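Okay, structure first, notes after.
In full-length UniProt numbering, the protein residues as written are 1 to 297.
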């Protein structure tokens, strides 16, 4: 068995080095000398794009070292040098992370590509299509970016709240009056928030949210001191809605790789309490008329 594991590891390493060689060659071929301020050499230039030596000079590394990197040899590679190569080859953030993986290093944090920043219209269509089930989108600091009509009707999302989902979870009296299993879910919410903060220890934005939460909710502060930690996933929610009674939902947190700064939270009806039919009624004209009149809770 150890020999099998060793052979599998060697084969995987060889495939990774082969892919590294092909990837660097393909990226080098697409960058013209003129793009980096070099003469094109006219008809004498046989190599499409940049030569290896040119990449090495522009990245500030030795020509032999870069050749060995492109050949997939077993050499020492640092993030700083890979970043320099990535800048010369004009790699996108996704390509830069791919280069790290092929070179055997942990990739840097994902970033939003400029071309992907304008995705809100598509994401709005996504959560509107999820109707009549609640759905909303948060940024990395749990600020609500978008929500659909069902999230307003069922979860009580509305313009006059803080628009920070975790702060509203602890401080919004409307939501708390509806949440049957609030105490149980509070532990999970805080544990997931701690995991997010731990993954971003130097981010002042998370520190500000933490300070706001600690100052606004003694319950949050007490749970935070327990130091539980849990990855984001699914949470079961039981809500008492003033018009239809008990609703049983399962919320699922999803991320779009192209927008790592956003989290989509979709609520799926569970079989209990005829939840799907109740949500459909709340979204119907009759249900919308009923929601227009003040109801306790």
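Glycine is no exception: its CB is placed at the ideal position from the N, C-alpha and C atoms. For clarity, every value in this text was computed on a predicted model and none was experimentally measured.
| Spatially closest choice to residue 61 from 230, 143, 85, by CA coordinates | Against the chain shown, residue 61 aligns to sequence position 61. Cα-wise, what sits closest to residue 61 is 85.
| Nearest residue (CA-CA) to residue 226, options 137, 257, 194, 212 | For this step, residue 226 is matched to residue 226 along the chain shown. The shortest C-alpha separation from residue 226 is found at 194.
| task | Enumerate in chain order the residues of its own chain whose CB-to-CB distance from residue 48 is below 7 Å, with the five nearest sequence positions on each side excluded. | result | Within the chain shown, the letter at position 48 stands for residue 48. Result list for residue 48: 29, in chain order.
| said: If distances are taken between C-alpha atoms only, which option among 74, 79, 93, 103 comes closest to residue 24? | reply: The residue labelled residue 24 in the question sits at position 24 within the chain shown. If we check each option's Cα against that of residue 24, 103 comes out closest.
| Taking the alpha carbon of residue 98 as the point to measure from, which residue in 73, 22, 68, 165 has its own alpha carbon closest? | As a first step, residue 98 must be located in the chain shown, where it is residue number 98. The option with the nearest alpha carbon to residue 98 is 22.
| said: Just to confirm my understanding: we take residue 191, look at its own chain, exclude 5 residues before and 5 after, and list those with CB closer than 7 Å. What are they? | reply: Walking along the chain shown from the start, residue 191 turns up at place 191. Taken in chain order, the residues that qualify are 228, 229, 230.
| request: Over the uninterrupted beta strand (DSSP E) stretch that includes residue 75, give me the two end residues. | output: Mapped onto the chain shown, residue 75 falls at position 75. From DSSP, residue 75 is part of no beta strand (DSSP E); its letter is neither H nor E.
| task | Within 10 angstroms of the Cβ of residue 136, are there 16 or more other Cβ atoms? Answer buried if so, exposed if not. | result | Counting from one through the chain shown, the residue named residue 136 turns up at place 136. That one is buried.
| query | How many Å lie between residue 173 and residue 101 at the Cα? | reply | Reading the chain shown from its first residue, position 173 is the one you call residue 173. Reading the chain shown from its first residue, position 101 is the one you call residue 101. Distance between the alpha carbons of residue 173 and residue 101 is about 47 Å.
| request: Since I believe residue 275 is in contact with residue 266 (beta carbons under 8 Å), could you give me their beta-carbon distance rounded to a whole number of angstroms? | output: Walking along the chain shown from the start, residue 266 turns up at place 266. Walking along the chain shown from the start, residue 275 turns up at place 275. At roughly 14 Å, the Cβ-Cβ gap does not stay under 8 Å, so residue 266 and residue 275 are not in contact.
| task | Pull up the CB-CB distance for residue 241 and residue 249, whole angstroms please, since I reckon it's below 8 Å. | result | Looking up residue 241 in the chain shown gives position 241. Looking up residue 249 in the chain shown gives position 249. At roughly 11 Å, the Cβ-Cβ gap does not stay under 8 Å, so residue 241 and residue 249 are not in contact.
| task | Using 10 angstroms around the beta-carbon of residue 106, count the other beta-carbons present and answer buried if the total reaches 16, otherwise exposed. | result | For the purposes of this step, residue 106 is identified with residue 106 of the chain shown, where counting begins at 1. By the neighbour-count rule (16 or more Cβ atoms within 10 Å), residue 106 is not buried but exposed.
| Local conformation of residue 298 per DSSP, three classes | In this structure the chain extends from 1 to 297, so residue 298 is not present and cannot be described.
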